[in-house]
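2 protein chains.
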Amino acid sequence: MESVAAAARGRRPEEVKSAARVLEVLELLGAEGARLSLAEMAGAMAVPKSSLHAILRTMEARRWVDLDPSGTRYSLGLKALLTGTAYLEGDDVASLAGPVLDALAEETGESVHLGRLDGTDVVYLAKRESRHALRMYSAVGRRLPAHATALGKAMLSQYDAAEVRMRLNWPLERLTPDTVTDPEALLGQLAEARLRGWAMDDGENSPDIRCVAVALGTGQGGGDAISCSAPKSRMDDARAEEVARAVTEAAHSLGTLLKRLGQH
Amino acid sequence: MESVAAAARGRRPEEVKSAARVLEVLELLGAEGARLSLAEMAGAMAVPKSSLHAILRTMEARRWVDLDPSGTRYSLGLKALLTGTAYLEGDDVASLAGPVLDALAEETGESVHLGRLDGTDVVYLAKRESRHALRMYSAVGRRLPAHATALGKAMLSQYDAAEVRMRLNWPLERLTPDTVTDPEALLGQLAEARLRGWAMDDGENSPDIRCVAVALGTGQGGGDAISCSAPKSRMDDARAEEVARAVTEAAHSLGTLLKRLGQH
DNA sequence: CAACGTCATTCGGTCTTCTGAACGGTTAAT
DNA sequence: ATTAACCGTTCAGAAGACCGAATGACGTTG
Numbered sequence: 001m002e003s004v005a006a007a008a009r010g011r012r013p014e015e016v017k018s019a020a021r022v023l024e025v026l027e028l029l030g031a032e033g034a035r036l037s038l039a040e041m042a043g044a045m046a047v048p049k050s051s052l053h054a055i056l057r058t059m060e061a062r063r064w065v066d067l068d069p070s071g072t073r074y075s076l077g078l079k080a081l082l083t084g085t086a087y088l089e090g091d092d093v094a095s096l097a098g099p100v101l102d103a104l105a106e107e108t109g110e111s112v113h114l115g116r117l118d119g120t121d122v123v124y125l126a127k128r129e130s131r132h133a134l135r136m137y138s139a140v141g142r143r144l145p146a147h148a149t150a151l152g153k154a155m156l157s158q159y160d161a162a163e164v165r166m167r168l169n170w171p172l173e174r175l176t177p178d179t180v181t182d183p184e185a186l187l188g189q190l191a192e193a194r195l196r197g198w199a200m201d202d203g204e205n206s207p208d209i210r211c212v213a214v215a216l217g218t219g220q221g222g223g224d225a226i227s228c229s230a231p232k233s234r235m236d237d238a239r240a241e242e243v244a245r246a247v248t249e250a251a252h253s254l255g256t257l258l259k260r261l262g263q264h
Numbered sequence: 265m266e267s268v269a270a271a272a273r274g275r276r277p278e279e280v281k282s283a284a285r286v287l288e289v290l291e292l293l294g295a296e297g298a299r300l301s302l303a304e305m306a307g308a309m310a311v312p313k314s315s316l317h318a319i320l321r322t323m324e325a326r327r328w329v330d331l332d333p334s335g336t337r338y339s340l341g342l343k344a345l346l347t348g349t350a351y352l353e354g355d356d357v358a359s360l361a362g363p364v365l366d367a368l369a370e371e372t373g374e375s376v377h378l379g380r381l382d383g384t385d386v387v388y389l390a391k392r393e394s395r396h397a398l399r400m401y402s403a404v405g406r407r408l409p410a411h412a413t414a415l416g417k418a419m420l421s422q423y424d425a426a427e428v429r430m431r432l433n434w435p436l437e438r439l440t441p442d443t444v445t446d447p448e449a450l451l452g453q454l455a456e457a458r459l460r461g462w463a464m465d466d467g468e469n470s471p472d473i474r475c476v477a478v479a480l481g482t483g484q485g486g487g488d489a490i491s492c493s494a495p496k497s498r499m500d501d502a503r504a505e506e507v508a509r510a511v512t513e514a515a516h517s518l519g520t521l522l523k524r525l526g527q528h
């Protein structure tokens with residue numbers, strides 16, 4: 001008894017338990033397709049059913065989660081809609097990026113993304129879909145490990161090797177056979193990206209997709225980057241360089257817009 | 265002492281306090297522009313600063329809220345992005361509506377919305393912007409009182425008068441000089457909308473904007489509707505009828521898609 | 001320069017939530 | 001029909017969050 005209490009007292013309770021659990025529920029329902037039962041969620045979160053039950057009732061009363069007609073499966077509720085779009089509206093980069101992304105998507109004809117580095121992950125802030133039938137899957141708000149994406153490598157290449165070693169989670173997670181997991185190989189790619197000004201991903205997070213990305217100059221909050229993705233069949237090396245020029249130009253023009261905004 | 269405890273015991277604690285507060289924080293930061301200090305939020309929510317402090321620390325650690333460099337103003341964090349888009353992805357209506365809205369926006373050249381009834385409010389699920397320079401402001405996730413929007417009236421017109429009287433909050437809130445707040449006038453408009461198949465809003469939530477809406481046949485979850493909005497200068501009565509035909513057609517084709525999905 | 005206003009933050013006693021086991025309901029398989 | 005395996009839900013003891021006042025750190029104003 002004593003030892004457990006002492007251990008718990010040792011580290012300050014920096015977290016409010018039920019607050020953290022509310023957030024975990026939202027992350028879980030957001031990540032998985034949704035449609036989870038209370039017992040499934042309790043299992044996934046390693047939380048007693050009875051505790052989660054009270055929390056879900058609170059969330060349901062406020063319409064942050066919905067309950068199936070059957071009363072047994074939870075999904076995100078209508079109130080959850082508000083937060084995502086509100087984040088984007090309040091963000092300078094995301095709200096200025098719209099026209100720039102439109103133009104880049106128009107020029108290249110391929111899928112275009114704006115991403116932000118968050119810890120070891122890249123988060124998609126905005127996208128424009130390719131007009132081709134064959135295109136990559138992605139969604140605003142979704143995360144991928146930074147080391148396996150062009151966006152992530154473009155942003156990581158702004159830091160020096162020591163900093164990169166500290167920021168990433170070693171060993172690196174493997175998503176496809178082509179994911180770069182060797183530290184030296186990754187640092188080599190980052191150095192190369194720094195020199196030439198753009199980064200590339202060659203089937204490292206989804207097979208058959210190649211992607212080219214350029215970081216925005218503004219080091220604001222860890223960094224943002226713009227990318228352009230296409231199936232390998234439409235992105236050979238020559239085409240990649242061509243696309244890289246267009247992406248660089250887009251990143252530069254967005255960077256200029258942001259600087260102008262910063263000076264009022 | 266006893267009386268307070270007894271009163272508290274009388275009603276079951278249906279809500280987990282800190283869970284509810286987390287949600288309130290998200291709603292507050294989502295609704296206001298954001299950038300609120302701890303003291304401001306504590307004031308707005310009628311919660312002690314010290315209690316809110318612990319909750320905000322939890323939310324910040326998990327990146328659901330961000331703290332200014334100055335360390336004194338909170339805004340929504342990156343994790344908040346996930347929920348909104350995930351809700352839309354998991355929703356059959358919203359995910360099927362894309363092409364239908366595209367076509368309607370193309371055909372009319374005006375702003376087009378998909379909305380859902382939630383209590384007394386309409387929530388925007390998706391939008392397509394007008395190609396005209398002069399256009400209405402709106403955002404996915406935002407709410408407006410149902411009685412002051414074409415979308416809301418289209419959905420309310422599916423219920424009978426008694427049900428409508430129960431569902432709305434009386435007296436009706438006034439948003440503009442033209443907002444209909446008289447019960448009989450509103451019920452009259454709903455009856456008219458039911459007969460002709462579409463509802464109209466004439467500057468009732470934003471001055472100078474007219475809007476035409478049609479409910480989807482599927483009574484699924486309170487109801488959804490599609491609308492088309494334009495400044496009065498581009499939407500006289502004749503044009504409104506023309507637009508109503510196009511919106512009706514779009515609503516019908518989306519309804520058909522949904523029925524097909526329902527039958528597998 | 002000092003006094004003030006505002007801000008986030010800490011601290012211990014009290015009250016709430018959390019918890020694990022038991023309950024009643026529904027569906028599926030035997 | 002009976003069993004079994006889920007589901008959500010309840011309850012009283014135990015653990016932890018909540019609260020108000022006091023503190024420290026700013027930046028601003030007189």
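Taken in sequence, the protein lines are chains A and B. Mapping of the first sequence onto the numbering used here: residues 1 to 264, in sequence order. Mapping of the second sequence onto the numbering used here: residues 265 to 528, in sequence order. The beta-carbon is built from N, C-alpha and C at its ideal position, and this holds for glycine as well.
- Among the residues facing chain B, residue 226(A) is not included, as its CB has no counterpart in that chain under 8 Å away.
- The count of Cβ pairs closer than 8 Å, one atom from the region 450-462 of chain B and one from the region 505-515 of chain B, reaches three, so the stretches are in contact.
- In the three-state reduction of the DSSP assignment, residue 102(A) falls in the helix class.
- In this structure, 158(A) is the residue among 170(A), 56(A), 158(A) with its C-alpha nearest to the C-alpha of residue 117(A).
- Residue state for residue 500(B) is assigned as coil, using DSSP reduced to three classes.
- By the CB criterion at 8 Å, residue 391(B) and residue 404(B) fall inside the cutoff.
- According to the DSSP assignment, residue 377(B) belongs to the beta strand (DSSP E) that extends over 375-382.
- Residue 80(A) is positioned such that its CB atom lies closer than 8 Å to that of residue 347(B).
- At a cut-off of 4 residues, the continuous stretches assigned as alpha helix (DSSP H) that sit fully inside the region 36-95 of chain A are 38-45, 49-61, 80-90.
- Annotated three-state conformation of residue 514(B) is helix, per DSSP.
- For residue 240(A), the CB contacts under 7 Å within the same chain, skipping 5 residues up- and downstream, are 200, 210, 212 in chain order.
- Its chain contains 75, 76 as the residues whose beta carbon lies nearer than 7 Å to that of residue 34(A), once the 5 sequence neighbours on both sides are disregarded; these appear in chain order.
- Here residue 165(A) is exposed, its C-beta having fewer than 16 other C-beta atoms within 10 Å.
- Proximity of residue 321(B) to chain A, defined by a Cβ-Cβ separation below 8 Å, is satisfied.
- By the CB criterion at 8 Å, residue 28(A) and residue 44(A) fall inside the cutoff.
- For residue 282(B), the enclosing alpha helix (DSSP H) covers residues 281-295.
- At a Cβ-Cβ threshold of 8 Å, residue 412(B) and residue 443(B) count as neighbours.
- Checking the DSSP bridge columns, you'll see residue 391(B) partnered with 377(B).
- Between residue 172(A) and residue 216(A), the gap from beta carbon to beta carbon reaches 8 Å or more.
- The beta carbon of residue 356(B) sits closer than 7 Å to the beta carbons of 522, 525 from its chain, once the five residues preceding and following it are set aside; these are given in chain order.
- Listed along chain A, no residue sits closer than 8 Å to residue 324(B) by beta-carbon distance, the nearest being about 10 Å off.
- Those residues of the region 75-96 of chain A placed with their C-beta closer than 8 Å to a C-beta in chain B are 75, 76, 77, 78, 79, 80, 81, 82, 83, 84, 85, 86, 87, 88, 89, 90, ordered along the chain.
- Here the C-alpha atom of residue 97(A) lies approximately 8 Å from the C-alpha atom of residue 114(A).
- Residue 183(A) sits in a helix when the DSSP states are folded into three classes.
- By a beta-carbon distance limit of 8 Å, residue 294(B) contacts residue 86(A). Their separation comes to about 4 Å.
- For residue 408(B), there are no C-beta contacts with chain A under 7 Å, since the nearest C-beta of that chain is about 13 Å from it.
- Assigned with DSSP and collapsed to three states, residue 460(B) falls in helix.
- Within chain B, the residues 327, 342 have their CB atoms less than 7 Å from the CB of residue 118(A), given in chain order.
- In terms of beta-carbon proximity, residue 387(B) lines the interface with chain A, with at least one pair separated by less than 8 Å.
- Per DSSP, the beta bridge partners of residue 229(A) are 111(A), 211(A).
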